[in-house]
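Asks:
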Amino acid sequence: MIQPKLEHGHSREQIRARLAGGPRTSYLRDLVFGGIDGAVTTFAIAAGAVGADLSARIVLILGVANLLADGFSMAAANYSSTRTEMEEYDHVRAMEERHIEVTPEGEREEVRQILSAKGFDGDGLDHAVGVITADRERWIDTMMADEHGLQPVARSPLRSAGATFAAFVACGSIPLLPFVLGLPASTATSTVMTAVTFFGIGSLRSRWSPLPWWRAGINTTAIGLAAAAVAYVVGNLLARL
Numbered sequence: 001m002i003q004p005k006l007e008h009g010h011s012r013e014q015i016r017a018r019l020a021g022g023p024r025t026s027y028l029r030d031l032v033f034g035g036i037d038g039a040v041t042t043f044a045i046a047a048g049a050v051g052a053d054l055s056a057r058i059v060l061i062l063g064v065a066n067l068l069a070d071g072f073s074m075a076a077a078n079y080s081s082t083r084t085e086m087e088e089y090d091h092v093r094a095m096e097e098r099h100i101e102v103t104p105e106g107e108r109e110e111v112r113q114i115l116s117a118k119g120f121d122g123d124g125l126d127h128a129v130g131v132i133t134a135d136r137e138r139w140i141d142t143m144m145a146d147e148h149g150l151q152p153v154a155r156s157p158l159r160s161a162g163a164t165f166a167a168f169v170a171c172g173s174i175p176l177l178p179f180v181l182g183l184p185a186s187t188a189t190s191t192v193m194t195a196v197t198f199f200g201i202g203s204l205r206s207r208w209s210p211l212p213w214w215r216a217g218i219n220t221t222a223i224g225l226a227a228a229a230v231a232y233v234v235g236n237l238l239a240r241l
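Mapping the sequence shown onto full-length UniProt numbering, position 21 (from 1) lands on 21, and the numbers just tick up by one.
#1: Give a yes or no on whether the C-beta atoms belonging to serine 203 and alanine 216 are separated by under 8 angstroms.
#2: Taking only heavy atoms of the ligand GTP into account, decide whether any of them is closer than 7 angstroms to the Cβ of asparagine 219.
#3: Nearest by alpha-carbon distance to threonine 84: which of Phe199, Leu158, Ala188 and Ser209 is it?
#4: Using three-state DSSP, classify glycine 22 as helix, strand or coil.
#5: Which of the three DSSP states is assigned to threonine 103 in this structure?
#6: Please confirm whether aspartate 53 and alanine 239 have their CB atoms less than 8 angstroms apart.
#7: Does the distance from the CB of leucine 62 to the CB of isoleucine 45 come in under 8 angstroms?
#8: Just confirm the distance between the C-beta atoms of alanine 154 and leucine 31, as a whole number of angstroms; I'd bet it's less than 8 angstroms.
#9: Less than 8 angstroms between the CB atoms is what I'm expecting for alanine 228 and phenylalanine 43, so what's the real figure, rounded?
#10: Please list the terminal residues of the continuous alpha helix (DSSP H) segment that includes glutamate 137.
#11: Could you say which of Lys118, Thr191, Arg98 and Ser81 lies nearest to leucine 225 if we only look at CA atoms?
#12: Would you tell me roughly how many angstroms separate the C-alpha atoms of serine 209 and aspartate 141, rounded to the nearest one?
#13: Using 8 angstroms as the threshold, is the stretch 81-96 in touch with the stretch 134-148, meaning 3 or more CB pairs across them?
#14: Grab me the residues of tryptophan 139's own chain with a C-beta within less than 8 angstroms of its C-beta, minus the 5 sequence neighbours each way, in chain order.
#15: Buried or exposed, going by whether 16 or more other CB atoms sit within 10 Å of the CB of threonine 103?
#16: Taking buried to mean at least 16 other C-beta atoms within 10 Å of its own C-beta, is glycine 71 buried or exposed?
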């Protein structure tokens, strides 16, 4: 029987080394979301402008304006949302510290009921409650994770925003390249290049999706091209008014 390939080793030494390093901070999500949004919105604007029979110069003006303005807007929103997550965590943690200080027995009972729901009982339950509540930081960490479902936010708001903006501009520039370079059949070339970009981004998305890479790529490509098709049709209809 062929054993499935595992993502990391499970010897005692490998586990110790991996856990000692702590969880890794990843900005891949910011890159993928920024890239998808950049490619979708810029291509949709270009498609809408072409559908309205506007000149390549107007396509570029609208595309670049969107590229910078919407990219900055998305980066700012990502910065704010990450900051909000951090502030929420700090607020709830301060509340738990206050509760432990004022009513420790009530907080111990919360730990007891949390562990009981996980299957602990009898002496094992008493021992586990004692171990957790013997250390204040461990006690608070347990309440944060199991009562409130919150984990410390390790991602930097500035780096998240920077990753989003960089991916937005990089991927959002691709639909505009054929117009910048004055390539023949610019619209068709832009469509092909953008579809390839969508597929590449979608494949990366499969890193945290149960979908296989090729299906995630096709899914993202279909969504992106559908958004562009809507923009093209709307632009074409408006141009007839």
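Backbone N, C-alpha and C fix where the C-beta goes; we use that ideal spot for every residue, glycine too. Source: prediction; values computed, not measured.
Replies: Taking the structure as given:
#1: For the 8 angstroms CB-CB criterion, serine 203 and alanine 216 form a contact.
#2: Judged by which ligands are present, the structure shown has none, so any question about the ligand GTP falls away.
#3: For the options Phe199, Leu158, Ala188 and Ser209, the alpha carbon positioned closest to that of threonine 84 is the one of Leu158.
#4: coil
#5: In the structure shown, threonine 103 sits in coil (DSSP, three-state: anything other than H, G, I, E or B).
#6: yes
#7: In contact: leucine 62 and isoleucine 45 (Cβ atoms closer than 8 angstroms).
#8: The beta-carbon distance between alanine 154 and leucine 31, rounded to whole angstroms, is 16 angstroms. This is too long to meet the 8 angstroms contact definition.
#9: 5 angstroms
#10: 136-146
#11: Thr191
#12: The alpha-carbon atoms of serine 209 and aspartate 141 are separated by roughly 28 angstroms.
#13: yes
#14: Ile100, Glu107, Val111, Ile132 and Thr133
#15: exposed
#16: buried
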